[in-house]
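This report concerns only the one structure given below.
Number of protein chains: 2
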Amino acid sequence: MEQSPIKKSSVTVADVARAAGVSKATAARVLGSYGTVSDAVRAKVSEAAAALGYRPNELARSMTTGRSGTIGVVVGDIENPFFSSAVRGIADVARLAGFTVILTNSGEDIAAEKAAIRTLLAKRVDGLIVSAASTSDFEHLLEIPDSGCPLVLLDRAISGIEVDTVTTDDRAAAEQATDILIRKGHRTMAYITACDTPDHRLHTLNDLQTGSVRQRVEGFVAVCADAGIAAPLEMVHLGANGREKCAKIALELLQSPQKPSAIIASDSLIALEVFKAVQQLGLSIPKDVSLIAFHDADWTAVTSPPITVIGQPVYLLGETVASLLIERINGAELQARRIVLPTELIERKSVDAPIEVVSSRPAR
Amino acid sequence: MEQSPIKKSSVTVADVARAAGVSKATAARVLGSYGTVSDAVRAKVSEAAAALGYRPNELARSMTTGRSGTIGVVVGDIENPFFSSAVRGIADVARLAGFTVILTNSGEDIAAEKAAIRTLLAKRVDGLIVSAASTSDFEHLLEIPDSGCPLVLLDRAISGIEVDTVTTDDRAAAEQATDILIRKGHRTMAYITACDTPDHRLHTLNDLQTGSVRQRVEGFVAVCADAGIAAPLEMVHLGANGREKCAKIALELLQSPQKPSAIIASDSLIALEVFKAVQQLGLSIPKDVSLIAFHDADWTAVTSPPITVIGQPVYLLGETVASLLIERINGAELQARRIVLPTELIERKSVDAPIEVVSSRPAR
DNA sequence: TTGAAAGCGATACCAT
DNA sequence: ATGGTATCGCTTTCAA
Chain A
37 MEQSPIKKSS VTVADVARAA GVSKATAARV LGSYGTVSDA VRAKVSEAAA ALGYRPNELA
97 RSMTTGRSGT IGVVVGDIEN PFFSSAVRGI ADVARLAGFT VILTNSGEDI AAEKAAIRTL
157 LAKRVDGLIV SAASTSDFEH LLEIPDSGCP LVLLDRAISG IEVDTVTTDD RAAAEQATDI
217 LIRKGHRTMA YITACDTPDH RLHTLNDLQT GSVRQRVEGF VAVCADAGIA APLEMVHLGA
277 NGREKCAKIA LELLQSPQKP SAIIASDSLI ALEVFKAVQQ LGLSIPKDVS LIAFHDADWT
337 AVTSPPITVI GQPVYLLGET VASLLIERIN GAELQARRIV LPTELIERKS VDAPIEVVSS
397 RPAR
Chain B
37 MEQSPIKKSS VTVADVARAA GVSKATAARV LGSYGTVSDA VRAKVSEAAA ALGYRPNELA
97 RSMTTGRSGT IGVVVGDIEN PFFSSAVRGI ADVARLAGFT VILTNSGEDI AAEKAAIRTL
157 LAKRVDGLIV SAASTSDFEH LLEIPDSGCP LVLLDRAISG IEVDTVTTDD RAAAEQATDI
217 LIRKGHRTMA YITACDTPDH RLHTLNDLQT GSVRQRVEGF VAVCADAGIA APLEMVHLGA
277 NGREKCAKIA LELLQSPQKP SAIIASDSLI ALEVFKAVQQ LGLSIPKDVS LIAFHDADWT
337 AVTSPPITVI GQPVYLLGET VASLLIERIN GAELQARRIV LPTELIERKS VDAPIEVVSS
397 RPAR
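Spelled out as structure tokens, the structure:
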């Protein structure tokens, strides 16, 4: 009496081999498509496998081959369109190369990031892509290549760690944006970011733990300084993570006595909250306040006015980071590569001269 | 002469056991935290493990325990904010329960979906969440529970398959939206969806392969029929997948002699293209055309005018589907549950009466 | 509490 | 071309 093909415990190579009347080794050869087998045997085994409903156990295979066919990805927040787009790029390249993606959200929390990496390493991913939450706390990242697992950094470089890194030219982009604003006559600006410090104030550039933001603020500050604007660091506003906090910051800023005449939003989520706040207060862009946002989110083109943005090749960023990683997995032994993708300032209608130019020249 | 702790091939329980001077079994007990060990031994082993830089091999563990601690997720497109939000919900619940998520994009392609599922099953995921591309081609889905792997359907129910399913009340939502439009006096409407058929035309409701869309169109058609509107099926427009195709459809529709006075967009991506098309043609919402969109994407509140939408609890959808799956993984043996989450019509400013009401009443 | 040994499901090396 | 068998790293009886 034959067993029904639907049995709980799975069918193994041994089962198939028995059914086909060959050795385990031979059955394994055809099922795993390696080695050499005669056509006759191949047919017999395939048939038996189909009849029994054989499904390979990739875990067992991974254990002996040492490759899991999996790459781990750690990002801050998959809900952020920036990351979803990058992840899509990663996933597409990975799939084409025969890899599968394990995705984890760190929520930009360093402890969560560490835990995620530990888990991923335990699952023996063939490689790891991480968008690091901190530029200073990265010992756990160093352990990755040490344990023999290739690592590629996404969007955020870390100077103390020699691995492939793919970023966009954040500094140049920020300089360009700031420059445009200053040329228009802006002197009081605000750079809003989700980054934060314990006391929510920015004392030095070293307080900025997100690599990309650090670069941008450096650019912002440098251009401001060149223009003779005092204390540019004080124009950087931290802690805009999550809708509420973000809205609160935007609202306070726009109602403050030192209301900036222009705002640079460090991502599209922040830009959206700024936009909402402006509407809510009955102000208008760019008359009352100019706005430039990082990330050319799809909706930024349809608002009134459409928003001037720094377009980043996000999908490409994902594709590139995945490609580099896969090269490493396949054994490429080269120096660490640092790829910087260009951005593009897309001028729309959210920037204009400030209403009252507070110039340093004597009035009248 | 001791080996450096940084050796290529990984440190195993056996290595730790040797270093700690205990048996492999004992070392495994403390490293895997199971069984009973004396405190003294535990300390010794832990110490040795730390010194050697031991990292557990989850693959090996999975092979003997039969659990991989992983759940597979198959969605159409992670870049679509609908799915990113749902995936975030899934990932959060999964992480709390100690599971990790393998994410795959099907691109709504049935072959890709099948391949993904095969791979996931081979990797021995503990459970599977899929947003099925087709309501009719689902034999491959049936094999999932047959092979002993719990399956939960996300957002799209399939009548022929008895598994847990979490959806939103698409039909009711569509009825409500359609009703609002008709009450305002609209008779010529357009329902735009990414769904498609070989000839891009909708002959019968059965042509609709996406579960959720099928429900919505049923609602749309039913309410239209109730209102005495002829041939509502012809008001359903297919193939709006991808920016270009989507834009093309919107543009054609808005310039056609039978220009609809109202449009229902089946997701936020479509709504955006419609919005762009309207702007591009110099038309205005809601004067020239009314618009209602499925999915309360964040930006829909800030456009001019803000868009009336059908808010879906997407993150909750993800959380729920993950919770159900995990219950099953933990052995829950109940009948298939079909959970339908409520939606909420959020009225903003994109709906108004049509300019010229083509009524069936005699003119004047 | 601890240890010895038998799997788990594949691959891989060595014969034949 | 095929078969026998050790092996991967861990868990899990079963004894001691």
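If you're matching them up, the sequences are chains A and B in order. End of the first sequence sits at 400 in the working numbering; the numbers just go up one at a time, nothing left out. End of the second sequence sits at 400 in the working numbering; the numbers just go up one at a time, nothing left out. Note that beta-carbon positions come from the ideal geometry of N, C-alpha and C, so glycine has one too. The structure presented is a predicted model; accordingly, all values stated were derived computationally and were not measured.
Cβ-based burial, residue i [other Cβ within 10 Å; buried from 16]
i: R364/B; result: buried
i: K323/B; result: exposed
i: G10/A; result: Residue 10/A is absent from the structure shown; chain A starts at 37 and stops at 400.
i: Q348/A; result: buried
i: D370/A; result: Here the sequence assigns Leu to residue 370/A, which means Asp is not the residue at that position. Exposed.
i: Y70/A; result: exposed
i: G163/A; result: buried
i: G108/A; result: buried
i: G34/B; result: Lying outside 37 to 400, the shown extent of chain B, residue 34/B is not represented and no answer is given.
i: P293/B; result: exposed
i: R192/A; result: buried
i: A209/A; result: buried
i: T101/B; result: exposed
i: N141/A; result: buried
i: E270/A; result: exposed
i: L132/A; result: exposed
i: E355/A; result: buried
i: A79/A; result: exposed
i: Q251/A; result: buried
i: T214/B; result: buried
i: R103/B; result: exposed
i: S195/A; result: exposed
Beta-carbon contacts of residue i that lie in its chain and below 6 angstroms, excluding the five residues immediately before and after
i: V345/B; result: A329, D332, T336 and I382
i: D200/B; result: V188, L360, A372 and R373
i: V419/A; result: In the structure as shown, chain A starts at 37 and stops at 400, and residue 419/A therefore has no counterpart that could be examined.
i: A286/B; result: E309, V310 and A313
Test: residue i CB closer than 9 angstroms to a CB of chain B
i: E115/A; result: yes
i: G89/A; result: yes
i: F330/A; result: no
i: V137/A; result: yes
i: T106/A; result: yes
i: R250/A; result: no
i: V338/A; result: yes
i: M99/A; result: yes
i: A56/A; result: no
i: N424/A; result: Nothing about residue 424/A can be reported from this structure: the residues present for chain A run from 37 to 400 only.
i: K312/A; result: yes
i: G112/A; result: no
Cutoff 9 angstroms: residue i Cβ touching any chain A Cβ
i: K48/B; result: According to the sequence as given, residue 48/B is Thr; it is not Lys. Chain A, which has no Cβ nearer than 9 angstroms to the Cβ of T48/B, makes this no.
i: F174/B; result: no
i: E94/B; result: yes
i: K284/B; result: no
i: Q348/B; result: no
i: L157/B; result: yes
i: L361/B; result: no
i: A17/B; result: Not covered by the structure: residue 17/B. The range shown for chain B is 37 to 400.
i: L217/B; result: no
i: G184/B; result: yes
Sheet register partners of residue i (DSSP bridge)
i: L330/B; result: Correcting the residue type first, residue 330/B is Phe in the shown sequence and not Leu. I346/B.
i: A301/A; result: I228/A and A329/A
i: E380/B; result: G347/B
i: V188/A; result: I165/A and D200/A
i: L139/A; result: V109/A and V137/B
i: I375/B; result: V202/B
Cβ neighbours of residue i in the same chain (closer than 7 angstroms, five flanking residues each side left out)
i: V249/A; result: T229, C231 and S302
i: P181/B; result: L187 and V199
i: A85/A; result: V52 and L67
i: T233/B; result: D243 and L274
Cutoff 8 angstroms; reference residue i; Cβ partners in own chain excluding five residues on either side
i: D388/B; result: K220, P322, K323 and S326
i: I138/B; result: T106, I107, G108, V109, L156, K159 and V161
i: V73/B; result: T62, R65, V66 and V81
Residue i CB to nearest heavy atom of the ligand COA below 8 angstroms
i: A313/B; result: Here there are no bound small molecules, and the ligand COA is not part of this structure.
Q: Taking only runs that begin and end inside the stretch 230-300 of chain A, name each unbroken beta strand (DSSP E) of 3 or more residues, in chain order.
A: none
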